[in-house]
Amino acid sequence: MFTGIVEELGEVVGVTPTAQDSALVAVRGPLVTSDARHGDSIAVNGVCLTVVDVDGGVFTADVMGETLRRSALGALRAGDPVNLERAAALGSRLGGHLVQGHVDGVGEVLAREPAPRWETVRFRLPAALSRYVVEKGSITIDGVSLTVAEVGDDWFSVGLIPTTLALTTLGTRAVGDPVNLEMDVLAKYVERLLDARQADAPVSGPVAS
1 MFTGIVEELG EVVGVTPTAQ DSALVAVRGP LVTSDARHGD SIAVNGVCLT VVDVDGGVFT
61 ADVMGETLRR SALGALRAGD PVNLERAAAL GSRLGGHLVQ GHVDGVGEVL AREPAPRWET
121 VRFRLPAALS RYVVEKGSIT IDGVSLTVAE VGDDWFSVGL IPTTLALTTL GTRAVGDPVN
181 LEMDVLAKYV ERLLDARQAD APVSGPVAS
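Numbering (full-length UniProt numbering), first residue to last: 1 to 209.
Quick look at the structure:
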């Protein structure tokens, strides 16, 4: 579990294809690797990956084909910056919101509107995910916990403060760039419970006279 508060802007060192449409990704991140061990979880652009090895501030992780297809990690190349966050510790402050590191889909930067102290960025939203996005609700973009400013049928926008622009990849994402999206897990659980409740509800019929 994560909080969507990026700890470090890391760098992809290499992406090595492996068997069965998977890959071994090496990422440089001195902070997140300072206490990392084999088997630990680190979110890379919002995707929860398991540490295979740590060597001199660089960690490696296996990325299976399903993850490469359903997230923007498949487009990573050596030299790319990535948002990094270690798994949250019990008892730590929850600065963002509950983030699983399970990407629901890939969005796209549609427009950027700079302002003196912040920037509004609009993203394309996959149709299947639009029902989970509400104004002033939480959403995770490339591992960054953000508040939704506006919502349309197939888009949403957020406001980025100077810190987010400077210390995460969202500051340099260009129009057309893909981004990983994770919806608020609470919305998904509520939908599941309501669907189950409706399925269990008795079917009303005509009342006998």
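Built from N, CA and C at the ideal position, the CB exists for glycine as well.
Remember, it's a predicted structure, so these values are computed and weren't measured experimentally.
Item	Value
Boundaries of the alpha helix (DSSP H) in which LEU165 is found, first to last residue	162-167
Three-way DSSP call (helix, strand, coil) for GLY65 in this model	helix
Distance between ALA115 and LEU181 (C-alpha atoms, nearest Å)	24 Å
SER130 in three-state terms, based on DSSP	helix
Segment contact, 8 Å Cβ cut-off, at least three pairs: the segment 2-14 with the segment 81-101	yes
Classification of THR16 by the beta-carbon crowding that lies within 10 angstroms, buried from 16 upward	exposed
Cα-Cα separation, ILE141 to ASP55	28 Å
Where ASP177 falls: helix, strand or coil (DSSP)	coil
Buried versus exposed, by CB contacts within 10 Å (16 or more), GLY176	exposed
Touch test, the segment 111-127 against the segment 160-175, Cβ-Cβ under 8 Å, three pairs minimum	yes
DSSP three-state assignment for VAL58, whether helix, strand or coil	strand
Close beta carbons around VAL103, own chain, < 7 Å, minus the five adjacent residues each side	GLY46, VAL47, ARG70, SER71, ASN180, LEU181, GLU182
Extent of the continuous beta strand (DSSP E) run through THR172	No beta strand (DSSP E) holds THR172; DSSP gives it neither H nor E.
Through-space distance from ALA23 to ALA78, alpha-carbon basis	13 Å
Alpha-carbon spacing of PHE156 relative to ALA149, whole angstroms	7 Å
C-alpha gap between PRO178 and LEU165, whole angstroms	17 Å
Whole-Å CB distance - THR33 paired with GLY57, under 8 Å assumed	5 Å
Integer Cβ distance of MET1 from LEU98, believed to fall under 8 Å	6 Å
C-alpha distance - ASP80 paired with GLY152, whole-angstrom precision	30 Å
Nearest-angstrom Cβ-Cβ length linking ASP154 and ARG124, presumed shorter than 8 Å	6 Å
Top-ranked residue by Cα proximity to THR172, from ARG112, LEU129, VAL190	ARG112
Length of the line joining the Cα atoms of residue 270 and GLY107	Summary: the structure shown does not reach residue 270, with the chain confined to residues 1 through 209, and so no result is reported for it.
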